[in-house]
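Chemist: What follows is a structure written as structure tokens; I'll ask about it next.
There are 2 protein chains.
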Amino acid sequence: MTPVSYSTDNHALEIPAPLRARADYLYYKKAQLIYQEGSTPLGAYFVENGSIKIVKLGSSGKEQILRIATNGELLCLSDLFSQCRYGNSAKTLEDSSLLFIPKQDFWKVLKEDDQIFRSLLQQLAQNIRKGNEKIVDLAYKPVRGRLAEALLSLDSKFNTTSREPFQVAMTRADLAGYVGTVKETVNRLLSEFRSEKLISTQGTRIKISDPNGLERISRMYD
Amino acid sequence: MTPVSYSTDNHALEIPAPLRARADYLYYKKAQLIYQEGSTPLGAYFVENGSIKIVKLGSSGKEQILRIATNGELLCLSDLFSQCRYGNSAKTLEDSSLLFIPKQDFWKVLKEDDQIFRSLLQQLAQNIRKGNEKIVDLAYKPVRGRLAEALLSLDSKFNTTSREPFQVAMTRADLAGYVGTVKETVNRLLSEFRSEKLISTQGTRIKISDPNGLERISRMYD
DNA sequence: CGCTTACAATGACAAATGTCATTTTTGGGA
DNA sequence: TCCCAAAAATGACATTTGTCATTGTAAGCG
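Residue numbers (my numbering), protein chains in the order written: chain A, 72 to 293; chain B, 72 to 293.
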């Protein structure tokens, strides 16, 4: 089995065998806290299965979702490198299983296997790049555009294979946290999108009917 | 009342000798482009002297300042790690001198000197952390709060030693790009701050009269 | 020394978005 | 199946912020 072919995107990352070998399995139920901002990192977490939101609390307790990690992704890498306390928290969006590798073992593997080290660095650099794009979007793209973009990116992140309706374990409040707004605004804009035939919704589920239309809205302000 | 202590890091980072040994000296005049988003990284840049803005273009050509690098800081580290094109551009804010280390030499040193590697990783992790804080601020803190915060952090970044009036080579447009707004809004808010006796201005210069007041405004929305 | 250009400052206005309050819908257990 | 709590949806309203237009000011250069 050939390991490590980390493409620049987030589809089906493989967890390197040497790390997997030293890992413990952890199971979390939906909406559980994995680690919390301010506490001390004890090791690295890989997402084996499920989805995790990486969040940071903003003004008056609103949570901003920094990113969403799915299968194969590594959490809290930068915190391990920085030797500091956690700079953010991680919570499950749905029932999930993770791999946990204690700090020492983690560093040991990285020391021994330059290949893995490099690929993790690349994952880190990729996160930075995404983060920078998020900054620019937040600074200059209106909520409407950000929401359109978010729907597309979430859809591609979660509906990798199936053509099923967009189904994510995210409430409107989560969506708001992801986009950087409040849930009322999300609802209002989703209503607009609905009447513009860009999406349809049934309960929590959101189905994208016109990806090109959303794409256009998202790019309208670039 | 607890004394104000905004941002405690950046005391004079030293450029590691092994890197310095292999570096070329580059001199840039004010407002010059050092590298541009989309082009291929050839090596690493250290700021020897001066100040650099790391920017990314947003909607309708507005530029968002991702961070400002001063003495001892390394530019474009994540781009070197990611093996991708530059994800942002760097421009001087004032006449500056930089050290340039070609990619190969850079990696060589990192391979040989674990100490340096670690410290650069830490610098990178620190940037990520700052970036995440920027994301949360942009998402949830009003411009007024962000501007107050920016004035304090810029003051501490540039006026490390002297008690001189805040003097940065930044126009109001730069300030707007740093905070994530437009220059008119910056001007309006600076006027407010002025009439609230928090700052005073003479031309481009901004002097902070009441750091605690600004601090309070900045934290008002946390 | 004045000219010219870039920048700062301000006002009027419209649009986007947040807040608060209320109603409707949904989905999971008793 | 019904009921209830949680979530979605919507409306009214205030505020913040961006846009456009104009004026005032400062700084560099011949």
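Yeah, the Cβ is synthetic: ideal placement off N, Cα and C, and Gly gets one too. This one's a predicted model, so the numbers in the text were calculated from it and none came from an experiment.
(1) Considering just the uninterrupted stretch of the alpha helix (DSSP H) at N258/A, what are its terminal residues?
(2) Anyone know if the C-beta pair for T275/B and T242/B falls short of 8 Å?
(3) Quick one, are the C-beta atoms of S190/B and E108/B less than 8 Å apart?
(4) In chain order, which alpha helix (DSSP H) runs of at least 4 residues are fully inside the region 93-181 of chain B?
(5) Quick check on I187/B: does DSSP put it in helix, strand or coil?
(6) Straight-line CA distance for P87/A to C155/B?
(7) Please report the Cβ distance between I199/B and L90/B, rounded to the nearest whole angstrom; I am assuming they are in contact, meaning their Cβ atoms lie under 8 Å.
(8) The beta strand (DSSP E) with K278/A in it runs from where to where?
(9) Who pairs with I206/B in a beta bridge, going by DSSP?
(10) My assumption, with CB atoms under 8 Å, is that K101/B sits in contact with T163/B. Please give the rounded CB distance.
(11) Closer than 9 Å by beta-carbon distance: list the chain B residues that pair up with G143/A, in chain order.
(12) For E95/B, count neighbouring Cβ atoms within 10 angstroms of its own Cβ and tell me buried if that reaches 16, exposed if not.
(13) V207/A CB to nearest chain B CB: under 8 Å?
(14) For I206/B versus L146/A, is the C-beta spacing smaller than 8 Å?
(15) Roughly how many angstroms lie between the CA atoms of S153/B and P112/B, to the nearest whole one?
(16) Measure how close the beta-carbons of Y292/A and G202/A come, nearest whole angstrom, since I'm counting them as under 8 Å.
(17) When DSSP builds the beta bridges, which residues end up paired with T272/A?
(18) Measuring alpha carbon to alpha carbon, tell me which of L261/B, I277/B, I105/B, P213/B ends up nearest V126/B.
(19) Suppose you measure from the CA of L260/A to the CA of E183/A; what does that come to, to the nearest Å?
(20) Report yes if the CB atom of K212/A is closer than 8 Å to the CB atom of S130/B, and no otherwise.
(21) Pull out every residue of the region 243-257 of chain B whose Cβ sits closer than 9 Å to any Cβ of chain A, in chain order.
(22) Please report the distance separating the alpha-carbon of D176/A from that of L195/B.
(23) How would you list, in chain order, the residues of chain B whose beta-carbon sits under 9 Å from the beta-carbon of A196/A?
(24) Buried or exposed for Y116/B, going by 16 or more other Cβ atoms inside 10 Å?
(25) If we cut at 8 Å on Cβ distances, does Q135/B have a partner in chain A?
(26) Can you name the start and end residues of the alpha helix (DSSP H) that D245/B belongs to?
(27) In whole angstroms, what is the alpha-carbon distance linking I270/B and V239/B?
(28) Please classify S266/B as buried or exposed, where buried requires at least 16 neighbouring CB atoms within 10 angstroms.
(29) Expressed to the nearest angstrom, what Euclidean distance is found between the alpha-carbon atoms of S262/A and K268/A?
(30) If you measure beta-carbon to beta-carbon, which residues of the region 167-179 of chain B are closer than 9 Å to chain A?
(31) Would you kindly work out how many angstroms separate the C-alpha atoms of Q197/A and S224/A, rounded to a whole number?
(32) In chain B, which residues lie less than 9 Å from K212/A when you measure between Cβ atoms?
(33) Taking buried to mean at least 16 other C-beta atoms within 10 Å of its own C-beta, is D150/B buried or exposed?
Modeler: So, from the listed chains and residues:
(1) Segment 254-266, the alpha helix (DSSP H) holding N258/A.
(2) Closer than 8 Å, so yes.
(3) The Cβ atoms of S190/B and E108/B do not sit closer than 8 Å to each other.
(4) Those alpha helix (DSSP H) runs which fall completely within the region 93-181 of chain B and span 4+ residues are 148-153.
(5) Helix at I187/B.
(6) Counting only the Cα atoms, C155/B lies some 22 Å from P87/A.
(7) Their Cβ separation, rounded to whole angstroms, is 21 Å, which puts I199/B and L90/B out of contact at 8 Å.
(8) Note, K278/A: beta strand (DSSP E), 276-279.
(9) Bridge partners of I206/B: none, in fact.
(10) The C-beta distance from K101/B to T163/B rounds to 6 Å, short enough to fall under 8 Å.
(11) Residues of chain B passing the Cβ test: none, with the nearest at roughly 18 Å.
(12) The residue asked about is misnamed: residue 95/B is Asp in this sequence, not Glu. Around the CB of D95/B, fewer than 16 other CB atoms lie within 10 Å, so the residue is classed as exposed.
(13) Chain B, which has a Cβ nearer than 8 Å to the Cβ of V207/A, makes this yes.
(14) Taking 8 Å as the Cβ cut-off, I206/B and L146/A do not qualify as a contacting pair.
(15) The alpha-carbon atoms of S153/B and P112/B are separated by roughly 10 Å.
(16) About 19 Å separates the two Cβ atoms, so there is no contact after all.
(17) Bridge partners of T272/A: I277/A.
(18) Nearest to V126/B by C-alpha distance, out of L261/B, I277/B, I105/B, P213/B, is I105/B.
(19) Taking the straight line from one Cα to the other gives about 50 Å.
(20) The Cβ atoms of K212/A and S130/B lie closer than 8 Å to each other.
(21) Per Cβ criterion, the list reads G248, V250, G251, T252.
(22) Each residue's alpha carbon lies about 22 Å from the other.
(23) Those are L148, S149, D150, L151, F152, S153, Q154, C155, G158, L195, listed as they occur along chain B.
(24) With 16 or more other Cβ atoms within 10 Å, it is buried.
(25) True, the Cβ-Cβ gap to chain A drops below 8 Å.
(26) Counting along the chain, the alpha helix (DSSP H) containing D245/B begins and ends at 243-250.
(27) Distance between the alpha carbons of I270/B and V239/B: 15 Å.
(28) Here S266/B is exposed. Its C-beta has fewer than 16 other C-beta atoms within 10 Å.
(29) Straight-line spacing of the CA atoms in S262/A and K268/A works out to 10 Å.
(30) For the region 167-179 of chain B, the beta-carbon criterion of a distance under 9 Å to any beta-carbon of chain A is satisfied by none of its residues.
(31) Here the alpha carbons of S224/A and Q197/A stand approximately 15 Å from one another.
(32) Correct list: G129, S130.
(33) Counting Cβ neighbours within 10 Å, D150/B comes out buried, since at least 16 surround it.
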